[in-house]
Structures are given as structure tokens and as C-alpha cells.
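Residue numbers (the working numbering): 23 to 376. A short worksheet on the structure shown next.
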């Protein structure tokens, strides 16, 4: 029988080239169903993303799509080209959220390879990509960098020349985008769920978000399919059963969403994520793990020409099977305990008094 290759095996590490530009297939129109399912999978309770009337009271046309749902949907566009053969997604930097995304909007994504580094085992390498998601009008919804460990097809294949990008530790305040329509004069903190506003937080303050959420295999797989993230490491138990862990990994983005949802208890008025400054998935998560989270206020940022809204730079750490009363984190050498699964540095917008 004569057969011709029609399927896409995905890119392996040696297939990438520095400067390579990729327009990702499968645009995605966001629906109300996506929003409802996201809430069902994460339990997120932020008022802005839950209520049209609340959103309209502060200037939005309606409830925008949760910032992290927008992130996942854009991320999902990139997987088939960037991380189909990934071992693990490792980290993020300089993520900037642009215009709000609404149900009915269509997103399309493109990426550029900005760094490559083969690992010493010659079996994998790190690929750094700069990805941009736009809506149907061409407006930027999200602009970010991530790096991912990708398998090599052939261990002895020549590796691309090493080039690691120099990434800033945080997004510059001038690049923080406040939606033009935002008007917080009628912001109702009682409906939002907390009396604590920007003025009430102090740099260095740590918040134990108290609650925990157990990972279910079905929740994780439904979430990852919702984003059309088809990375093998999350779905194929036949292949992953023969790998390092003997089981499928939970998509790290799902951990970010759970940590953000848990942070409502203590940060309910952090109504919008403005930036992802940096982040690391430091240990794997699996079905059956219970996720907890704590946050530290790293910086309080007044915004130019705005007296009604300020920014908080937060560090949120997520753990598995370990409550966060003791604020588990990295030690002085930078080594994390096994219970820590995520260390995320991001910036949120919050109502100011007066």
C-alpha cells in the first residue's frame, strides 16, 4: 500500500530556528459557554468576570472574559507548533494584557522563536517564544514570553546554536494597560466581596488564602481540551506511563487558574490581571493533589493620571498537599520544597479609596 504523510507530528527541538515566525492555526471565537465552563472548572468568583451589570457599572460593555481564560485560549493556539512534544512548560515573562476579550470575539495567535538551548542530556532542549494573541480587529489581547522543554527527535542531531534571551524581571509601569473605558466611581466593594482596597495592602504583607482545591483528572482534562491544548504530556497515558513520572502531568496553566481562584479569599478586589512578570512551574502536579496558595505584596504601584485605581505586584505561590500557613517557598539557595508547584509574579489592578 502506498502511503503519503499527511499528519503533523509536531516540532521537535532541532526543528526550531532562532527568529522563526509562526502563525498558529485554528482561530477561536469565544462563547458564553466557554466562560461558564471555566467557572465550573476553577471556581473563580471575581465579580467583574461573573456579572454583566457589575462590569457595566465600571465602564465595560459587559463582563469581559477572565484574563486567565484569555491566556489559556491564546496559549492553546500555540501548542501544536511549539509544545506538542514538550516534556514540560517551564516559565513565563513580560506578559502584558491589552484590550479586554469579550464573548463573541475571535482570537488568533502568532509566535516568534527568540531563544534556544540544548540540554546537557542531548535528549531535550529549551525553546523560548514570544507569542501575541489578537482579537478580530487586530488589537492585542495578550503579549508574552514563555519557555518550554521540548524533546529531540534524534539525540545525535546537531543542536541549534545556543541563544538565551535577556528578559526583564517585571513589566515596566508605562506598559501596564488600564482599559480606556474603566470608571471606578460606582465600584461596589460589597458586591465584589471584600472591603480591602489598594490602600489597605502593604509591601511585604503575606496572605494565606486558606482554602484548598483537589485536582481531579476529569477537571484537568476538560480544562485542557477547552483550551485546545493537545500536548501529549497531558493526554496520552500510554506514552506517559513509560516516562519519568509514569503518569500524565497536570497542565501548569490549570494550577495558575486554581491559584488565582483561591486568591479571591484575600484579594477579591484584584479585578484585573495587568501583567505576568515572571513565573515558574517548579514541581509537577498530578490528579489527586490538593492545591493551596499564598500571596505576597511585592510592590504598590500608583498609576499615572489615575487616582481611582492602582496596581499591586504580587507573588503567588501554590503548593500541593501542604496548607500555606507557614508560607512555604524557596530557601536561601533558591531550592524549593517538593510541595511547591508554582511561583508566579504578576500585577493586578485594584480600586483605590477616594
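For every residue, glycine included, the Cβ atom is placed at its ideal position computed from N, Cα and C.
Exercise. By Cβ distance below 6 Å, which residues in the same chain neighbour residue 182 in space, the five residues on each side in sequence not counted?
Worked result: Locating residue 182 in the chain shown gives position 160, where the first residue counts as 1. Hits under 6 Å: 138.
For this session: Output the distance between the C-alpha atoms of residue 146 and residue 136, rounded to the nearest integer angstrom.
Result: For the purposes of this step, residue 146 is identified with residue 124 of the chain shown, where counting begins at 1. For the purposes of this step, residue 136 is identified with residue 114 of the chain shown, where counting begins at 1. About 17 Å.
Exercise. Looking at the unbroken alpha helix (DSSP H) that takes in residue 254, where does it start and where does it end?
Worked result: Translated into the one-based positions of the chain shown, residue 254 becomes position 232. Counting along the chain, the alpha helix (DSSP H) containing residue 254 begins and ends at 254 to 257.
For this session: Would you kindly report the start and end of the unbroken alpha helix (DSSP H) that includes residue 103?
Result: Counting from 1 along the chain shown, the entry for residue 103 is found at position 81. Unbroken alpha helix (DSSP H) run through residue 103: 89 to 104.
Exercise. Can you pull the DSSP bridge partners for residue 355?
Worked result: As a first step, residue 355 must be located in the chain shown, where it is residue number 333. DSSP output for residue 355 lists no bridge partner at all.
Problem set entry | Length of the line joining the Cα atoms of residue 231 and residue 338 | For the purposes of this step, residue 231 is taken as the residue at position 209 of the chain shown. For the purposes of this step, residue 338 is taken as the residue at position 316 of the chain shown. Looking at the two C-alpha atoms, the distance is approximately 10 Å.
For this session: Measure the C-alpha to C-alpha separation of residue 218 and residue 128 and round it to an integer number of angstroms.
Result: For the purposes of this step, residue 218 is taken as the residue at position 196 of the chain shown. For the purposes of this step, residue 128 is taken as the residue at position 106 of the chain shown. So the alpha carbons of these two residues sit roughly 35 Å apart.
Exercise. In its own chain, which residues sit with a C-beta less than 8 Å from the C-beta of residue 197, not counting the 5 before and 5 after it?
Worked result: Taking the chain shown and counting its residues from 1, one reaches residue 197 at position 175. Cβ within range, chain order: 118 and 297.
Problem set entry | Environment of residue 126 [buried if 16+ CB atoms lie within 10 Å] | Your numbering for residue 126 matches position 104 in the chain shown. Residue 126 is exposed by the Cβ-count criterion.
Exercise. Is residue 265 helix, strand or coil by DSSP?
Worked result: Counting from one through the chain shown, the residue named residue 265 turns up at place 243. Correct three-state label for residue 265: coil.
Exercise. Touching or not, the segment 97 to 114 and the segment 24 to 43, by the rule of three or more beta carbon pairs under 8 Å?
Worked result: When C-beta atoms of the segment 97 to 114 are compared with those of the segment 24 to 43, three or more pairs fall below 8 Å, so the two segments count as touching.
Problem set entry | Segment limits, alpha helix (DSSP H) that includes residue 209 | Residue 209 sits at position 187 when you count from the first residue of the chain shown. No alpha helix (DSSP H) contains residue 209, which DSSP labels as neither H nor E.
Exercise. Below 8 Å, can you find three or more Cβ-Cβ pairs linking the segment 315 to 324 to the segment 219 to 230?
Worked result: yes
Exercise. Given that a residue counts as buried once 16 or more other Cβ atoms are within 10 Å of its Cβ, and exposed if not, what is residue 140?
Worked result: In the chain shown, counting from the first residue as 1, residue 140 sits at position 118. Residue 140 comes out buried.
For this session: Note down, in chain order, each residue of its chain lying with its Cβ closer than 7 Å to the Cβ of residue 191, except the 5 sequence neighbours on either side.
Result: Taking the first residue of the chain shown as 1, we reach residue 191 at position 169. Cβ neighbours of residue 191 within its own chain (closer than 7 Å, five residues either side excluded): 299 and 300.
Exercise. Does the beta-carbon of residue 94 have 16 or more other beta-carbons within 10 angstroms, so that it is buried, or is it exposed?
Worked result: Stepping through the chain shown from its first residue, residue 94 is reached at position 72. Buried, because 16 or more other Cβ atoms sit within 10 Å of the Cβ of residue 94.
Exercise. Can you list, in chain order, the residues of its chain whose CB lies under 6 Å from that of residue 195, leaving out five sequence neighbours each side?
Worked result: Residue mapping note: residue 195 aligns to position 173 of the chain shown, counting from 1. Hits under 6 Å: 323.
For this session: Leaving aside the five residues before and after residue 120 along the sequence, list all residues of the same chain whose C-beta is less than 6 Å from its C-beta, in chain order.
Result: Within the chain shown, residue 120 is the residue found at index 98, counting from 1. Same-chain partners within the cutoff: 162, 163 and 199.
Exercise. Per DSSP, which one or two residues make a beta bridge with residue 178?
Worked result: For this step, residue 178 is matched to residue 156 along the chain shown. Answer by DSSP bridge pairing: none, since residue 178 is not bridged.
Exercise. Between 250, 159, 43 and 328, which lies nearest to residue 124 when the distance is taken from Cα to Cα?
Worked result: Walking along the chain shown from the start, residue 124 turns up at place 102. Selected option, being the one with the closest Cα: 159.
Problem set entry | alpha helix (DSSP H) segment containing residue 277, residue limits | By one-based count along the chain shown, residue 277 stands at place 255. Start and end: 274 to 284.
Exercise. Leaving out five residues before and five after residue 175 in sequence, what residues of the same chain have Cβ atoms less than 7 Å from its Cβ?
Worked result: Residue 175 sits at position 153 when you count from the first residue of the chain shown. For residue 175, where only same-chain residues beyond five positions count, the Cβ hits under 7 Å are 34 and 36.
Exercise. If we count Cβ pairs, one from each stretch, closer than 8 Å, do we get three or more for the segment 249 to 260 versus the segment 341 to 359?
Worked result: no
Exercise. Between the Cα of residue 307 and the Cα atoms of 46, 367, 111 and 42, which residue gives the shortest distance?
Worked result: Position 285 of the chain shown, counted from the first residue, corresponds to residue 307. It is 111.
Exercise. In chain order, what residues of the same chain lie with their CB nearer than 6 Å to the CB of residue 77, ignoring the 5 residues before and after it?
Worked result: Residue 77 sits at position 55 when you count from the first residue of the chain shown. Counting only Cβ-Cβ distances below 6 Å, and skipping sequence neighbours, we find 70, 84 and 85.
Exercise. Hey, would you say residue 302 sits closer than 8 Å to residue 113, going by beta carbons?
Worked result: The residue given as residue 302 occupies position 280 in the chain shown. The residue given as residue 113 occupies position 91 in the chain shown. It is a contact, given that the beta carbons lie within the stated cut-off.
Exercise. Would residue 122 be called buried (16 or more neighbouring beta carbons within 10 Å of its own) or exposed?
Worked result: Mapped onto the chain shown, residue 122 falls at position 100. The residue in question, residue 122, is buried, as its Cβ has 16 or more Cβ neighbours within 10 Å.
Exercise. Between which two residues does the beta strand (DSSP E) containing residue 165 stretch?
Worked result: For the purposes of this step, residue 165 is taken as the residue at position 143 of the chain shown. Counting along the chain, the beta strand (DSSP E) containing residue 165 begins and ends at 162 to 173.
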